[in-house]
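With numbering that gives the first Met the number 0 applied, the sequence shown corresponds to residues 0 to 413, in that order. Worksheet: the structure to be examined is printed underneath.
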Amino acid sequence: MTTVDSARTEAPALYDPATYATGVPHDYYRWLRDNEPVAHLDHPTYPNGYWVVTRHADVQQVSRDSTTFRNAPDPFVDDGVMANDGSAGTSELLISKDAPEHIKLRKLINKGFTPRRVAELSDRLRARTDAIIDGLADRDSADLVHDLALWLPLHVIADMVGVPEEDRAQVFEWTEKTFGFDPDVTPEERGQATMDMFMYADAMCAERENTPRDDLMSVLLHAEVDGEQLTRFQIEVFFMLLQNAGSETTRNLITTGTLALLQHPEQMAIVSGDLDTLPGAIEELLRFTTPVIHFTRTANVDTEIGGQRIGAGERVLMVYASANRDERAFVEPDQLDVLRSPNDHVAFGAGGPHFCLGANLARLEGRIMFEQILTRFEGLRVDGDPTEFPRVHSNLIDGFAELPIAWDRIRPAR
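Given below as structure tokens:
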């Protein structure tokens, strides 16, 4: 029988990227939900440790109460090696802001993400997806991550902000070095890439200040709320964040979602046989795979979560990957069910002012990419043992660094 003490002794360190080298620890999450749903754990760089919240209802409570809990200095959990206090620039990100500054910034940035602007991307997304798949037509195998899933979200963001085609390879390289999870990238290389991308964004702003274009950078430069505009620095920081945040969720949804469907052929058959089920299937894939594992909040005042007292200033880790498998919120949560309804997953956050700004864009990208994968690839299969495929080195993102696939034939685009 597993006791509290033995479970704690054997517990994986949720802050350590190595913990996720073989995937998220669902067995441990389940144990926490059943035995210590609000657990206090030690952390190398948090003198007072941190709280880990694993039940769906409790994650929602923390996420939606922006009065009791704050994002500043940032919502990321330290990796146990280097303290993350916002000094590396993360404190300037939109996700690290709180009211009233967050409300003002969000209203301004929302002007670039209106439903109309997202809907207008549909035809462009479809054409881009077809081009990516057409580029694989003379092959019978590929890496799902780098040959397919990576490119659609990167190009979509580049289209939105106005990065010319000839500059994209360089911007993508900077993005990978700045925000990627390659442990071989040195701090010096990361710092140089960050500076280069920042200077590039500054040059884009300078061009558009006097000559606006039909792109997101121009919208943000000239948008106003209550007579106030974003500063150039804020836009440049957002440009950099968007290159990463705008691609990571979609990239990993496509990658791990495709794997999930291939591992559940009866579910894949349901969606392939009726593409009208695809929107609901994407919600289920988001729940089942949960690309963003968790975020943190900091208590502003003494409070309670699930009957447990939390002190002012203490860190709270909201584990989305656990909340999305909570038996109290979902029937048979460890089963993939593309027809699941209702599906109150928290893959884009659990509500509140920090709900993912790009959720609708990610859903649109996922719908178009999965539609093409399901209809164009004949005999699609995983090429190898998924348990042996390398995953991203991260305590934040759950995804594969490589995922080999093979197929019999690629059908022409319709």
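Positions of the beta carbon are idealized from the N, C-alpha and C atoms, including for glycine. Only a predicted model underlies this, so the values are computations on that prediction, with no experimental measurement involved.
Return the first residue and the last residue of the alpha helix (DSSP H) that residue i is part of.
| i | result |
| --- | --- |
| L40 | Premise fails: L40 lies in the beta strand (DSSP E), 37-42, not in any alpha helix (DSSP H). |
| S393 | No alpha helix (DSSP H) contains S393, which DSSP labels as neither H nor E. |
| T425 | Because the chain in this structure spans residues 0 to 413, residue 425 falls outside the shown range and cannot be described. |
| V58 | 55-63 |
| V270 | 264-272 |
| D73 | It is not in any alpha helix (DSSP H) - D73 carries neither H nor E in the DSSP assignment. |
| Y14 | Per DSSP, Y14 belongs to no alpha helix (DSSP H) and is neither H nor E. |
| R29 | 25-34 |
In terms of residues, what are the limits of the beta strand (DSSP E) holding residue i?
| i | result |
| --- | --- |
| G48 | 45-52 |
| Q405 | Sequence check: residue 405 is Ala here, not Gln. Unbroken beta strand (DSSP E) run through A405: 403-405. |
| T289 | Per DSSP, T289 belongs to no beta strand (DSSP E) and is neither H nor E. |
Taking all protein chains shown into account, do 16 or more other C-beta atoms lie within 10 angstroms of the C-beta of residue i, making it buried, or fewer, making it exposed?
| i | result |
| --- | --- |
| Q266 | buried |
| Q334 | exposed |
| P163 | exposed |
| Q233 | buried |
| G111 | buried |
| P152 | buried |
| R324 | buried |
| N251 | buried |
| G272 | exposed |
| S62 | buried |
| P36 | buried |
| R314 | buried |
| G256 | buried |
| D386 | Before going on, a small fix: residue 386 reads as Thr here, not Asp. Answer is exposed; the Cβ neighbour count stays below 16. |
| M198 | exposed |
| M317 | buried |
| V300 | exposed |
| E283 | buried |
| A130 | exposed |
| S340 | exposed |
In this structure, does DSSP put residue i in helix, strand or coil?
| i | result |
| --- | --- |
| R308 | strand |
| A361 | helix |
| L316 | strand |
| A244 | helix |
| V381 | strand |
| R116 | helix |
| V80 | With a pLDDT of 46 at V80, under the threshold of 50, the modelled position of that residue is not reliable, and the figure given next carries that caveat. Coil. |
| G111 | coil |
| T128 | helix |
| T1 | With a pLDDT of only 45 at T1, under 50, the local geometry of the prediction cannot be trusted, and no value is derived from it. |
| F369 | helix |
| T302 | strand |
| R250 | helix |
| G256 | helix |
| A20 | strand |
| R339 | coil |
| R408 | strand |
| G348 | strand |
| A400 | coil |
What whole-angstrom Cβ distance do residue i and residue j have, given they're in contact under 8 Å?
| i | j | result |
| --- | --- | --- |
| M196 | V160 | Not quite, the Cβ-Cβ distance comes to about 12 Å (not below 8 Å), so this is no contact. |
| A320 | H293 | 7 Å |
| V144 | E370 | Going by Cβ atoms, the distance from V144 to E370 rounds to 19 Å, so no, they are not a contact pair. |
| N394 | Y14 | 6 Å |
| L261 | V381 | 6 Å |
| T295 | P72 | Actually they do not touch by this definition, with Cβ atoms about 10 Å apart. |
| K176 | E188 | 6 Å |
| P278 | A346 | Rounded, the Cβ-Cβ distance is 14 Å, inconsistent with contact. |
| A361 | T249 | 5 Å |
| L363 | T276 | Actually they do not touch by this definition, with Cβ atoms about 16 Å apart. |
| V52 | V58 | 6 Å |
| I409 | L93 | Incorrect: roughly 39 Å between the Cβ atoms, too far for contact. |
Exercise for the section: Taking only runs that begin and end inside the stretch 201-239, name each unbroken alpha helix (DSSP H) of 4 or more residues, in chain order. Expected result: 215-221
Q.
Runs of 4 residues minimum, wholly inside the stretch 135-161: which ones carry the alpha helix (DSSP H) assignment?
A. 150-160
Margin query: In chain order, what are the residue ranges of uninterrupted beta strand (DSSP E) at least 3 long that sit wholly in the stretch 162-205?
Written below: none
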